[in-house]
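>
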Amino acid sequence: MLDKKKIKIQLETERDLLVGQLGDMGKLNTETGEWEAMPEALDYKVSDQNDMADRFEDYESKSSMIRSLEPRLQNILFALKAINKESFGKCEICKKDIEKARMDANPAARTCKKHLES
Ligand SMILES: [Zn+2]
């Protein structure tokens, strides 16, 4: 049996961590439900070419961080919604129980090791 209480806490901790990281780099667009990178506040006094390039680079790196964090957050949110369902902890493909070690490592896992999505 899965310890859903423990898993839920794990998932919520991970969710808060991800939301915190995303919040450092961008903001949630409430219309699209997607996170968007936020450029650093404009400082007109030091707005030369280098500064513009730096800011663009910063924006790009934030965007790519957000793109890698966002699917993880979506997975966690999905798992939190599904946690009380009968199917939680079972592989979406073969419907067998997901290995305990895998669930421990990634409580938002949706497939067993064999059907690991690549
Ligand atoms: Zn499977």
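First residue of the sequence shown: 2, per our numbering; consecutive thereafter. Note that CB positions come from ideal geometry on N, CA and C, so glycine has one too.
(1) Judging by CA-CA distance, which residue of E35, N51, F79, R103 is the nearest neighbour of S64?
(2) Under the rule that 16 or more other beta-carbon atoms within 10 Å means buried, what is G21, buried or exposed?
(3) In angstroms, rounded to a whole number, what distance separates the CA positions of L19 and E13?
(4) Straight-line CA distance for T31 to N76?
(5) Could you tell me which whole beta strand (DSSP E) segments of length 3 or greater appear in the stretch 2-71?
(6) Alpha carbon to alpha carbon, how far is D52 from I8? Give it in angstroms, no decimals.
(7) Helix, strand or coil: which one does DSSP assign to K82?
(8) Does the beta-carbon distance from I84 to C92 come in below 8 Å?
(9) Assuming I67 and L29 form a contact by the criterion Cβ under 8 Å, report the distance between their Cβ atoms to the nearest whole angstrom.
(10) Between which two residues does the alpha helix (DSSP H) harbouring A102 extend?
Once the coordinates are examined:
(1) E35
(2) exposed
(3) 10 Å
(4) 19 Å
(5) 27-30, 35-38
(6) 45 Å
(7) helix
(8) No, these two residues do not count as a Cβ contact at 8 Å.
(9) Actually they do not touch by this definition, with Cβ atoms about 10 Å apart.
(10) 101-106
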